[in-house]
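Quick note, the sequences are listed as chains C and H, same order. When the count follows the working numbering, it moves up by one through the first sequence with no breaks and lands on 351 for the last residue. When the count follows the working numbering, it moves up by one through the second sequence with no breaks and lands on 666 for the last residue. By construction, the Cβ of each residue, glycine as well, lies at the ideal position given by its N, Cα and C atoms. Before any comments, here is the structure.
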Amino acid sequence: MTAIPKPTKTIDWRGLAARIWPAALAVGLALLFGALLLLASGRNPIEAYTALLQGAFGSPARLAETFVKMTPFLILAISVSVSFRCGFWNIGAEGQLILGAIASFSVALLLKSWPAVVVLPLSLLASVVGGALWSGIAGVLKARFNANEVITTSMLNFIAVYLLAYIVNGPLKDPEGFNFPQSSLIAEAFQLPRFLAGSRLNIAFLVALVLVVVALLFWRSTLGFRTEIVGASRRVATHVGLNVNRTVILVALITGGVAGIAGWGEIFGIHYRLIDAIAVGMGSLAVVVALLGDLHPLGMVVSAFLFAALVVGGNAMERGAGVPFALVDVIQGSIILLVLARAYIFRGRRS
Amino acid sequence: MNLDLITSTFIIGVLAASLRLATPILLAALGEMFVERAGILNLGIEGTMLIGALSGFLGAYWTGNLWAGVLAGMLAGILFGLLMGFMSITVKANQVVAGLGITILGGGLSTLLFRLAFGLRTTPPTLDIFPTLPIPLLSRIPWIGPILFEHNVLVYLALALVPVASLVLYRTHFGLKVRAVGESPDAADTRGIRVELIRYLCLMIGGAMAGIGGSYLVLGSLGLFWTQMTAGRGFIAVAVVVFSKWDPARALLGAWVFGLASAVQISLQTLSVPIPSEILLMLPYIITVIVLVGVSRRAEFPGAFAVPYYRGGKE
């Protein structure tokens with residue numbers, strides 16, 4: 001098991017540098033690997049990366065779009081980091097986001113003539129419950145039956161994707177939606193306010209930042225400490241009298257609940273409706289963002305921004321320079337492996 | 352719903368299809384069995400199968416020879432197995448996270464290389480798959496013949512590898528070393544068994560088998576490649592290994608259960624059963640979870656499962 005560092009209480013600049021430098025190196029090497037792949041296939045990597053950078057930062061609107069994408073990445077990474085620090089390897093953020101989206105959308109649909117001040121908090125709550133129920137299944141199966149959570153959460157992802165596809169093609173399909181796999185829009189009163197004209201940036205971004213603060217506080221709480229003890233060693237946790245199974249179930253509920261909020265943000269802040277592709281690729285992105293951020297709330301703010309830029313820029317790169325977006329997926333996978341290998345690389349240098 | 356369609360031909364068709372659908376999962380599971388027996392959990396199987404599928408496609412497409420495709424899939428799988436070996440044995444990284452990294456890398460790399468090779472096309476490039484090879488005489492046995500003996504060569508290969516895997520695991524020197532390394536690497540090391548070498552070899556076997564399993568999807572079943580075409584089969588293979596209690600014969604049973612679930616799902620759609628197709632598509636995944644839950648509690652994992660080996664105790 002990897003040693004998971006605790007958040008430092010006072011600012012230790014040297015320690016901070018020691019943690020950031022390997023992450024920066026991992027990103028740099030992954031980008032270099034991507035460039036080599038492009039070169040080998042006869043593409044111009046400089047052109048591709050220029051298109052990527054312009055796509056992510058080229059104008060205020062592009063930058064705002066990067067923050068839009070950063071919102072779910074950051075929320076999901078916080079969700080993943082809680083479970084990873086507990087040694088509960090939840091890779092089901094995608095499915096939990098979907099269930100959160102379905103649950104919160106249902107509230108907006110059922111209470112469509114109610115005032116927004118009631119419906120918005122209720123739908124947020126519903127998204128937490130929806131996500132928590134989905135991951136709770138994996139938590140209970142892990143605690144009671146020792147069922148490997150990587151497999152159960154991955155299977156639950158597929159089940160959630162098909163459930164959403166069923167809903168937007170069946171019972172909740174928009175009758176005026178030209179046969180697209182999507183529901184009708186939520187009431188205009190429920191649509192979260194946007195900050196800038198011409199940009200989709202909205203209040204959900206602030207919700208993500210609030211969650212960062214909550215996460216910082218969580219790791220200073222008793223429950224956070226308990227989570228980390230269980231993650232460090234189940235044997236030790238049992239010895240000091242912690243109920244490991246109960247902690248695992250609780251962590252499973254928390255991780256899914258937080259992921260559900262990302263679904264709420266996508267529905268009420270961005271799409272205003274259920275669409276079938278609401279969470280495509282977000283599960284693996286959440287894992288990469290969390291790991292690159294060292295599972296630390298502030299680290300994940302940086303890595304979520306970086307990956308949002310990669311994704312927004314990657315889409316622009318595909319349109320502008322004709323370089324497939326899958327390059328971003330390759331960079332993601334490389335970053336995970338490089339972040340894991342950093343201990344080895346740096347140990348090798350020291351000895 | 353048209354029940355008249357359920358004839359003996361139909362049932363035979365479903366059972367025959369179940370074996371074909373079980374094949375890629377069986378191949379990957381047999382390989383992963385060696386990996387886990389040696390004490391390593393490789394969750395990169397999904398990505399390894401994807402890179403195997405892509406390499407299988409490219410190898411067969413460019414040479415015009417299907418076996419070259421299988422070979423390419425196998426070699427790409429071995430490379431990914433070695434990568435997992437480097438992460439888990441040499442770097443001693445967390446195996447769950449390393450496996451996830453490899454799965455994401457395999458998914459991205461296979462899609463990227465396919466797009467770089469063929470660009471965006473309205474009609475995807477296709478190739479002819481391995482033809483059905485009825486076995487003389489045996490395929491004429493009523494019921495049994497068409498179910499068991501009218502498949503392509505890769506299905507037979509997968510089935511034949513089940514006793515081979517058993518033999519290697521239980522009756523050879525190498526198999527004994529694999530089990531020793533997985534149960535008690537310390538004891539194995541003191542007996543002069545090279546723990547790291549055995550583990551690397553097992554990951555190469557696991558990668559090769561997952562690579563062939565991935566290439567089967569292209570060369571033995573569909574004739575084309577698409578993004579994330581494995582659709583979770585790598586993770587299902589890992590569940591099958593747990594179900595099998597690390598025994599090849601039981602892995603065949605496990606893989607067949609999922610093949611049957613997929614075959615039933617497909618046939619219910621053709622019968623226009625009044626259940627939405629999206630709900631039917633969930634079936635194999637739901638069954639995976641149920642089966643995993645049923646066996647996990649009593650499963651006896653190898654002694655040193657998912658624990659990196661440090662010579663002379665943990666540093």
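For residue i and residue j, what's the separation of their Cα atoms in angstroms?
| i | j | result |
| --- | --- | --- |
| C/Ser351 | C/Ile345 | Per-residue confidence for C/Ser351 stands at a pLDDT of 38, beneath the threshold of 50, marking its modelled position as unreliable; the derived number appears in the next sentence. In a straight line, the C-alpha of C/Ser351 is about 10 Å away from that of C/Ile345. |
| H/Pro536 | H/Phe465 | 41 Å |
| H/Glu629 | C/Ile275 | 15 Å |
| H/Arg649 | H/Leu604 | 18 Å |
| H/Phe500 | H/Leu508 | 12 Å |
| C/Arg319 | C/Leu52 | 10 Å |
| C/His239 | C/Phe84 | 21 Å |
| C/Leu380 | C/Glu188 | For chain C, the structure presents residues 1 to 351; residue 380 of chain C sits outside this window and is missing. |
| C/Leu298 | C/Ile137 | 29 Å |
| C/Phe73 | H/Ile617 | 35 Å |
| H/Thr477 | H/Leu575 | 5 Å |
| C/Val118 | C/Arg235 | 45 Å |
| C/Val210 | C/Gly28 | 30 Å |
| C/Phe145 | H/Val644 | 6 Å |
| C/Ile270 | C/Ser123 | 15 Å |
| C/Leu110 | C/Val161 | 22 Å |
| H/Glu666 | H/Leu467 | A caution first: H/Glu666 carries a pLDDT of 44, below 50, which makes its placement in the model too unreliable to give a value. |
| C/Ser303 | C/Val330 | 16 Å |
| H/Arg371 | H/Ile480 | 13 Å |
| H/Ser439 | H/Tyr551 | 10 Å |
I'd like the span of the alpha helix (DSSP H) that includes residue i, first residue to last.
| i | result |
| --- | --- |
| H/Leu619 | 599 to 621 |
| C/His239 | 234 to 239 |
| H/Glu501 | Not the alpha helix (DSSP H): H/Glu501 falls in the beta strand (DSSP E), residues 501 to 503. |
| C/Gln54 | 45 to 57 |
| C/Phe67 | 60 to 85 |
| C/Ile137 | 116 to 145 |
| C/Met155 | 149 to 169 |
| H/Asp537 | 536 to 541 |
| C/Trp21 | 13 to 40 |
| H/Ala650 | Note, H/Ala650: premise wrong, no alpha helix (DSSP H); not H, not E. |
| H/Asn393 | No alpha helix (DSSP H) holds H/Asn393; DSSP gives it neither H nor E. |
| C/Pro293 | Per the sequence shown, the amino acid found at residue 293 of chain C is Gly instead of Pro. Counting along the chain, C/Gly293 falls outside any alpha helix (DSSP H), and DSSP gives it neither H nor E. |
| C/Phe325 | Counting along the chain, C/Phe325 falls outside any alpha helix (DSSP H), and DSSP gives it neither H nor E. |
| H/Gly557 | 546 to 567 |
| H/Ser359 | 359 to 388 |
| H/Glu629 | 628 to 632 |
In terms of residue numbering, what span does the beta strand (DSSP E) encompassing residue i cover?
| i | result |
| --- | --- |
| C/Leu196 | That residue, C/Leu196, is in no beta strand (DSSP E); it is neither H nor E in DSSP. |
| H/Pro485 | 483 to 485 |
For a contact meaning CB atoms closer than 9 Å, what does residue i contact in chain C?
| i | result |
| --- | --- |
| H/Tyr636 | Ser154, Met155, Leu156, Asn157, Phe158, Ile159, Tyr162 |
| H/Pro487 | Result: empty, since nearest Cβ-Cβ is about 41 Å, beyond 9 Å. |
| H/Val608 | Residues of chain C passing the Cβ test: none, with the nearest at roughly 14 Å. |
| H/Val532 | Those do not exist, as H/Val532 stays about 20 Å from chain C at its closest Cβ, beyond 9 Å. |
Name, please, each residue of chain H whose Cβ falls closer than 8 Å to the Cβ of residue i.
| i | result |
| --- | --- |
| C/Pro324 | Thr462, Leu463, Arg466, Leu467 |
| C/Val330 | Leu456, Gly459, Leu460, Leu463 |
| C/Ser233 | The premise fails here: C/Ser233 is roughly 13 Å from chain H at the closest Cβ pair, so nothing lies under 8 Å. |
For residue i, go through chain C and note every residue whose CB falls closer than 8 Å to its CB, in chain order.
| i | result |
| --- | --- |
| H/Thr639 | Ile151, Met155 |
| H/Glu402 | Note that residue 402 of chain H is Ile in the sequence shown, not Glu. What H/Ile402 touches in chain C: nothing, since even the nearest Cβ is about 11 Å away. |
| H/Val529 | Here the premise fails: no neighbours, minimum Cβ distance about 21 Å. |
| H/Phe586 | Val150, Ile151, Ser154, Met155 |
| H/Asn416 | Those within 8 Å of H/Asn416 in chain C number zero; the least Cβ separation is about 24 Å. |
| H/Met438 | Leu337, Leu340, Ala341 |
| H/Val386 | The contacting residues do not exist; H/Val386 stays about 15 Å from chain C at best. |
| H/Val442 | Leu340, Ala341, Ala343, Tyr344 |
Starting from the beta carbon of residue i, find every residue of chain C whose beta carbon is closer than 7 Å, and list them in chain order.
| i | result |
| --- | --- |
| H/Leu394 | Val150 |
| H/Leu451 | Ile91, Val287, Ile336 |
| H/Val447 | Trp89, Val150 |
| H/Ala590 | Ile151 |
Using a Cβ cut-off of 9 Å, pull out every chain H residue sitting near residue i, in sequence order please.
| i | result |
| --- | --- |
| C/Val230 | Chain H residues near C/Val230: none, gap ~16 Å exceeds 9 Å. |
Output, in chain order, the set of chain H residues within a Cβ distance shorter than 7 Å of residue i.
| i | result |
| --- | --- |
| C/Ile147 | The displayed chain sequence assigns Ala, not Ile, to residue 147 of chain C. Those are Leu643, Val644, Ser647, listed as they occur along chain H. |
Could you tell me whether any non-hydrogen atom of the ligand ADP is closer than 7 Å to the CB of residue i?
| i | result |
| --- | --- |
| H/Ser359 | This structure simply doesn't include the ligand ADP, nor any ligand for that matter. |
### Task
Name, going along the chain, the residues of the region 66 to 97 of chain C whose beta-carbon falls closer than 7 Å to a beta-carbon of chain H.
Trp89, Ile91
### Query
For the region 182 to 213 of chain C, which residues have a beta carbon sitting closer than 7 Å to at least one beta carbon of chain H?
none
### Task
List in chain order: all unbroken alpha helix (DSSP H) runs of 4+ residues lying wholly within the region 433 to 470 of chain H.
446 to 469
### Query
Hey, which unbroken runs of the alpha helix (DSSP H) at 4 residues or more fall wholly within the region 199 to 285 of chain C?
204 to 218, 222 to 232, 234 to 239, 244 to 265
### Task
Report the residues of the region 42 to 61 of chain C with a CB closer than 8 Å to any CB of chain H, ordered along the chain.
Arg43
### Task
Could you list the residues in the region 615 to 634 of chain H with a C-beta less than 8 Å from some C-beta on chain C, going in chain order?
Pro627, Glu629, Ile630, Leu632, Met633
### Message
What are the residues in the region 507 to 520 of chain H lying within 9 Å of chain C by C-beta distance?
### Response
none
### Query
Got a sec: which bits of the region 111 to 139 of chain C sit with their beta carbon under 7 Å from any beta carbon on chain H, in order along the chain?
none
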